[in-house]
Every structure is written in C-alpha cells, then in structure tokens.
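Asks: Just so we're aligned: the sequence shown equals residues -17 to -1, 1 to 418 in mature numbering (1 follows the signal peptide of the UniProt record, and there is no 0). C-beta: ideal position from N, C-alpha, C; glycine also. Predicted model only: the values in this text are computed from it and were never measured.
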Amino acid sequence: MKTILVITFLCIHEAASNYCYWNTGCPYKYFSTETAYNSVRGDIRDSVIKLTGCNPVSIWGMYRHGKRKPSSHFSEKIKAALPIRNYVVESYENGHSSLCAQDVDNLRDWKFDSKFFDGVIDITEEGRQEMTRIGNRLKETFPSLLDHLPKGSYKFRSAKGIWIEKSIESLVSGLGVPNLIIDEAKPGLDVMNPYSTCGAYQKNVKSNPAVYVESAKYLKNSEYLATKDRIQRRSGIEYSLTDENVTALYDLCRYTWSAVDRKSSPWCALFTKDDLEVLEYEQDLRHYYRNSYGTAVNEVFGKVPLGDLFTNFESVTKGGGNKIVAYVTHSTMLDQMYTALGLFKDSNPLTGANRDRDRKWRTSKISVFSANLVAVLNRCVKEGSSEYNVVFYLNEEPIRSICEEGVCSWEDFDAKLRPTVNTTIDFCEFTSKHY
Ligand SMILES: *[C@@H]1O[C@H](CO)[C@@H](O)[C@H](O)[C@H]1NC(C)=O
Ligand SMILES: *[C@@H]1O[C@H](CO)[C@@H](O)[C@H](O)[C@H]1NC(C)=O
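Below, the structure written as structure tokens:
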C-alpha cells in the first residue's frame, strides 16, 4: 500500500511541473485494442482463487492473439503520416511548437522499421512472448493438472490467420509439455469466430456505416475538436490536421510502444493524457456498437463459445471432457462473450454526445492484445461426495462480479450457461469470406 501511495504522489508531482513526455513518471498506456497485455494484465500465479478441499480439474479459455503488425490498410496511412515528423521538428526549430526539447530529439531519432509497417499481417516478437508467458504462468499455477497431457485430454485450436495460428503455437509451447497437437484452424464456422463467416453480420454490422454513427458524432464533439486543436498547437504544424492524420499519429504512438521492454513511443509526446483518453473513447464507441451491447446480435454470437465451455465442463463432471481447452481468436469474439455474460455493461448506452469517464466498457482493459477469458472448474470433495464450482478470470484476475465472491457454484454456472448450449446462428443469409 505504501509503495502505491508514493508512486501516485510522484505522478501528480511530475504532471504539475512543466509537462514533458520523456520524463513523465506515468505515461498513459491505455490504447484501446492496441493496448499491450503487459500494461493491464494480472498474474494468475498470484491471483488464482484457491479453495480448501478443492482441486482444479479443467481449464477452458478464449484468448485474443498477441500483438500484431498493422494491416496494409493502416500501415499505408501510417507511412503517409511519417512526414509529419519533419514538420514537427521544423516547427520546433522555428519556435512554433510547445513540445519539450528532449521529446523532439527522441522523435527525430526514432527509427522507422520498414518491416513492421510493410502491411504483411503477422504477430510481433512482443506478441509471441506474451502468449508464451501466459502458457508458462498457467503451467506454474496448475502444475498437477497440466504436467501430463495425454492425447484426448486437451483441445487447442485457433481461428484462421498466420498471426492467430502463431499465437496459439506460442501459448501451447509455453505449457512446456512436449508433443502437444494443435488442431488445424477451420476455414468455415467455428466456436471461436461464428460471426466471421456470417454474411448478415459482415453486411449489417461490421460494414454498416450506421454502426459507427456514434463514433462519427464524437468526431464532431467539442471535446474531440479540442483534442485535435491541442495536437495541432503542440506540434506546431501549420496545415490543418484531418481526422485521418490524427488517427495515423495515434497509431504510430500505440503501435511503436514496447511494453515488454517498458519503452514508450516518442510519437506519444504529441498527445496529452486527456487527448489519449479522448481517442480511446472514440475507439470504445466503435467496438461497443460493432461487437457488443450496441447491436443485439452480438450477444447471440457470444453464446456459441459459452455453450462449448458449458458442454466441456459438464462432461468433466461426468468423467470425460478435457483438462484444458484453449481457443485463440480476434477481440470481436471476446467482446461478444462479455456481452453474452452481461459483463462491463453500462446502465446507459455509450454515445458520441457524452463520454462517461467511469464507464465499464473500456476496450483498453478488456480487448487488449492477448486478452483472455479463462474459466477453471474445481472439484471439491465434501463428506465423501464431489461438488464442483467454477471461477472466471479476465486477463489473469478473478472476475468477482460474475458470481458471489467470484466463485460460481455448479448450480449458478448451470443456470447461467446451460441455456447457451445449442445456440443457433441461422440468420446469416450467406457465407462471408471475411475473417
Ligand atoms: C492527412 O490526411 C489527408 C486525408 O485526410 C491525406 O490526404 C494526407 O496525406 C494526410 N497527410 C499526412 C501527412 O498524413
Ligand atoms: C443440445 O442438442 C443435443 C442434440 O440435439 C441434445 O441432446 C441436448 O439435450 C441439447 N442441449 C440443450 C441444453 O439444449
């Protein structure tokens, strides 16, 4: 507790003196879905809920892929924004910028990694390490369950895509059990991505401009306009920045941040903490309407993997099932699962007119790289008979809001999840090739 107080004090102190990014004690590290896992994760080894008389007997988890490179769509825009660096340096030299000298130096010295921005989607080294370390920590936390994994006692499968397939390979290798087999990703509908091949979802939700109306409104909100103006003035750029330029700068800041090396990006110096909170909210709006409570169908997709979870744990209670199931997928799936579970639900829908700073829906906490929702089934022996309970974890911290004290009795779990079994997706109209 003492340490926390001291750190808080230092942060306030730094912020109150002349603000520079390079020496701020606490750079803001919440970047919506491009937030590093290491910036928000817990640690299952410290936070696992141990119950006397109980033993873990099965672990089921849905994981987002690790940190990846930007797609060609975004990397083209990012590359187009690179000359902004020269404008910023020039403005500083001409006395038109309020940036700190060291922040300008760091930006000038920043090295462009052409391979990172070549538009070929792939996992990054950081992403690979994060996934492996999750596997390591699971193994350390549940050694007796995961020490010996014979064929048929586990299931590992990911959605299609090289960065997702490499993510599951890293996760599984982190378990440190030789010769584990990862099932091949299926081209069509699967439990970890039922929305991706669903034509109606791709057409009516993902590619539907109506879904992005609130985020578009927010781009006209005075709060966003003030942020844009601040970036403009801080950087001293003379021409008017467009929303697209702001997004490209934001992407440069969040993609070139290294969380495993604890190195922030010099591009982030163009933004204040307030600016980053505003840009974060704009992203939250997009995901809220595309993947979550903002559109009714998301709940239905979220039920599909929950049905799989229920079925697996129920078979374990009957002597079958798997010791471990791991699926790796996109953030969309996790958002939809939170929605089906009623997690992170605000009493009022998120809107472009008003940013609730205390909102529950925060992609920077729940949809980050390597985000994961893990359920652990425990068997407890009481007076000679077995009882079961289930504990849910989000990013390696117990989810206390799901059941009392975070532990679901089997009855609670059954009441919540049995209805998700056999969820049908019969409204898709046509098969989409997107994934
Ligand atoms: C700024 O955005 C506009 C479009 O909104 C684009 O044409 C231009 O290339 C961008 N400039 C930079 C430096 O990124
Ligand atoms: C799901 O469908 C199977 C096969 O039709 C059926 O045996 C089972 O009872 C159903 N489960 C639930 C919970 O509806």
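Measure the alpha-carbon distance for residue 292 versus residue 72 and round it to whole angstroms.
Replies: Here residue 292 is taken as the residue at index 309 of the sequence shown, counted from 1. Here residue 72 is taken as the residue at index 89 of the sequence shown, counted from 1. If I take the Cα positions, the gap works out to 53 Å.
Asks: Grab me the residues of residue 370's own chain with a C-beta within less than 6 Å of its C-beta, minus the 5 sequence neighbours each way, in chain order.
Replies: Within the sequence shown, the letter at position 387 stands for residue 370. Contacts found: 363.
Asks: Count the other CB atoms within 10 Å of the CB of residue 35; is the residue buried (16 or more) or exposed (fewer)?
Replies: Position 52 of the sequence shown holds residue 35. Burial call: exposed.
Asks: Any idea which residues DSSP pairs residue 45 with across the strands?
Replies: To locate residue 45, count along the sequence shown from 1; it is residue 62. Looking at the DSSP assignment, residue 45 forms a beta bridge with 310 and 356.
Asks: At which residue ranges does the segment 85 to 153 contain complete beta strand (DSSP E) runs of 3 or more residues, listed in the order of the chain?
Replies: Counting whole runs of 3 or more residues, the segment 85 to 153 contains the beta strand (DSSP E) stretches 137 to 141.
Asks: So, does the segment 9 to 25 touch the segment 99 to 106, judging by three or more C-beta pairs under 8 Å?
Replies: These segments do not touch.
Asks: Anything with a beta carbon under 6 Å from a heavy atom of ligand 1 counts; list them all in chain order.
Replies: Taking each Cβ in turn, the ones that pass are 63, 64, 66, 67, 225, 227, 228 and 231.
Asks: How about residue 336 and residue 211: do their beta carbons lie closer than 8 Å?
Replies: Taking the sequence shown and counting its residues from 1, the one referred to as residue 336 is at position 353. Taking the sequence shown and counting its residues from 1, the one referred to as residue 211 is at position 228. For residue 336 and residue 211, no; Cβs fall outside 8 Å.
Asks: Is there at least one non-hydrogen atom of ligand 2 closer than 7 Å to the beta-carbon of residue 405?
Replies: Taking the first residue of the sequence shown as position 1, residue 405 is located at position 422. Flag set: Cβ of residue 405 near ligand 2.
Asks: When every heavy atom of ligand 2 is checked, does at least one fall within less than 7 Å of the C-beta of residue 24?
Replies: Here residue 24 refers to the residue found at position 41 of the sequence shown. It does not: the Cβ of residue 24 is nowhere closer than 7 Å to a heavy atom of ligand 2.
Asks: Rounded C-beta distance between residue 153 and residue 49? I'm assuming under 8 Å.
Replies: Here residue 153 refers to the residue found at position 170 when the sequence shown is read from its first residue. Here residue 49 refers to the residue found at position 66 when the sequence shown is read from its first residue. Correct: roughly 7 Å between the Cβ atoms.
Asks: If you drop the 5 nearest sequence neighbours on each side, which residues of the same chain put their C-beta closer than 7 Å to that of residue 45?
Replies: Counted from its first residue, the sequence shown places residue 45 at position 62. Answer for residue 45: 175, 288, 310, 312, 316, 317, 320, 355 and 356, listed in chain order.
Asks: Do the segment 78 to 92 and the segment 247 to 258 meet, that is, are 3 or more Cβ pairs less than 8 Å apart?
Replies: Contact between the segment 78 to 92 and the segment 247 to 258 is present, because at least three Cβ pairs lie under 8 Å.
Asks: If you count every other CB in all the chains shown that lies within 10 Å of the CB of residue 285, and 16 or more means buried, which is it?
Replies: Position 302 of the sequence shown, counting from 1, holds the residue named residue 285. Counting Cβ neighbours within 10 Å, residue 285 comes out buried, since at least 16 surround it.
Asks: If you measure from the CB of residue 140, is any heavy atom of ligand 2 nearer than 7 Å?
Replies: Your numbering for residue 140 matches position 157 in the sequence shown. Outside the cutoff, so no.
Asks: Where residue 328 and residue 267 are concerned, what is the direct C-alpha to C-alpha distance, given to the nearest angstrom?
Replies: In the sequence shown, residue 328 corresponds to position 345, counting from 1. In the sequence shown, residue 267 corresponds to position 284, counting from 1. Answer to the nearest angstrom: the Cα atoms are 13 Å apart.
Asks: What does the Cβ neighbour count give for residue 400, buried or exposed, with the cut at 16 atoms within 10 Å?
Replies: Position 417 of the sequence shown, counting from 1, holds the residue named residue 400. The residue is buried, with at least 16 neighbouring Cβ atoms inside 10 Å.
Asks: Runs of 4 residues minimum, wholly inside the segment 5 to 86: which ones carry the alpha helix (DSSP H) assignment?
Replies: Entirely contained in the segment 5 to 86, the alpha helix (DSSP H) runs reaching 4 residues are, in chain order, 20 to 23, 27 to 30, 55 to 64 and 67 to 76.
Asks: Take the Cβ of residue 145 as the centre, count every other Cβ of all protein chains shown within 10 Å, and call the residue buried at 16 or more, exposed below.
Replies: Residue mapping note: residue 145 aligns to position 162 of the sequence shown, counting from 1. Counting Cβ neighbours within 10 Å, residue 145 comes out exposed, since fewer than 16 surround it.
Asks: Would you call the segment 226 to 246 and the segment 102 to 115 touching, i.e. three or more CB-CB distances under 8 Å?
Replies: As far as the Cβ criterion goes, the segment 226 to 246 touches the segment 102 to 115, which means the pair count is three or higher.
Asks: CB of residue 213 to nearest heavy atom of ligand 2: below 7 Å?
Replies: Reading the sequence shown from its first residue, position 230 is the one you call residue 213. It does not: the Cβ of residue 213 is nowhere closer than 7 Å to a heavy atom of ligand 2.
Asks: Would residue 404 and residue 390 qualify as a contact pair, given that the criterion is a beta-carbon distance under 8 Å?
Replies: Within the sequence shown, numbered from 1, the residue matching residue 404 stands at position 421. Within the sequence shown, numbered from 1, the residue matching residue 390 stands at position 407. In this structure, residue 390 does not lie closer than 8 Å to residue 404 by Cβ.
Asks: Where are the beta strand (DSSP E) runs, 3 residues long or more, that stay fully inside the segment 312 to 342, in chain order?
Replies: Fully enclosed beta strand (DSSP E) runs of 3 or longer: not present.
Asks: For the pair the segment 215 to 223 and the segment 60 to 71, tell me if three or more CB-CB distances fall below 8 Å.
Replies: The segment 215 to 223 is in contact with the segment 60 to 71.
Asks: Measure the Cβ-Cβ separation of residue 26 and residue 120 and say whether it is below 8 Å.
Replies: The residue you call residue 26 lines up with position 43 of the sequence shown. The residue you call residue 120 lines up with position 137 of the sequence shown. A contact, by the Cβ cut-off of 8 Å.
Asks: Would you mind working out which of 185, 92 and 270 sits nearest residue 349, comparing C-alpha positions?
Replies: In the sequence shown, residue 349 corresponds to position 366, counting from 1. When each option's Cα is compared against that of residue 349, the closest is 270.
Asks: Among the candidates 129, 66 and 171, whose CA atom is the shortest distance from the CA of residue 415?
Replies: On the sequence shown, position 432 is the one that residue 415 refers to. Comparing Cα-Cα distances from residue 415 to each of 129, 66 and 171, the minimum goes to 171.
Asks: Take the Cβ of residue 164 as the centre, count every other Cβ of all protein chains shown within 10 Å, and call the residue buried at 16 or more, exposed below.
Replies: As a first step, residue 164 is located in the sequence shown; it is residue number 181 there, counting from the start. By the 10 Å Cβ count, residue 164 comes out exposed.
Asks: Alpha carbons only, please: which of 157, 334, 397 and 239 is nearest the one belonging to residue 204?
Replies: Reading the sequence shown from its first residue, position 221 is the one you call residue 204. Ranking the options by Cα distance to residue 204, first place goes to 334.
Asks: Taking only the alpha-carbon atoms, compute the straight-line gap between residue 413 and residue 41 and give it to the nearest angstrom.
Replies: In the sequence shown, the residue the question calls residue 413 occupies position 430. In the sequence shown, the residue the question calls residue 41 occupies position 58. Approximately 36 Å between the Cα atoms of the pair.
Asks: Quick one: Cα of residue 208 to Cα of residue 67, how far?
Replies: Here the question's residue 208 lines up with position 225 in the sequence shown. Here the question's residue 67 lines up with position 84 in the sequence shown. Each residue's Cα considered, the two are about 19 Å apart.
Asks: Is it buried or exposed, residue 223, if we count other Cβ atoms within 10 angstroms and call 16 or more buried?
Replies: For the purposes of this step, residue 223 is taken as residue 240 along the sequence shown, with counting starting at 1. Under this definition residue 223 is an exposed residue.
Asks: Closer than 6 Å by C-beta to residue 264: which residues in its own chain qualify, once you throw out the five before and the five after it? Chain order, please.
Replies: The count along the sequence shown starts at 1 and reaches residue 264 at position 281. So the qualifying residues of the chain are 338.
Asks: Suppose you measure from the CA of residue 237 to the CA of residue 300; what does that come to, to the nearest Å?
Replies: As a first step, residue 237 must be located in the sequence shown, where it is residue number 254. As a first step, residue 300 must be located in the sequence shown, where it is residue number 317. Answer to the nearest angstrom: the Cα atoms are 44 Å apart.
Asks: What I want to know is whether the C-beta of residue 340 ends up closer than 7 Å to one or more non-hydrogen atoms of ligand 2.
Replies: Numbered from 1 along the sequence shown, position 357 holds the residue referred to as residue 340. No, Cβ of residue 340 sits at least 7 Å from all heavy atoms of ligand 2.
Asks: Taking the CB atoms as reference points, tell me whether residue 143 and residue 168 lie closer together than 8 Å.
Replies: Your numbering for residue 143 matches position 160 in the sequence shown. Your numbering for residue 168 matches position 185 in the sequence shown. Going by C-beta atoms, residue 143 is nearer than 8 Å to residue 168.
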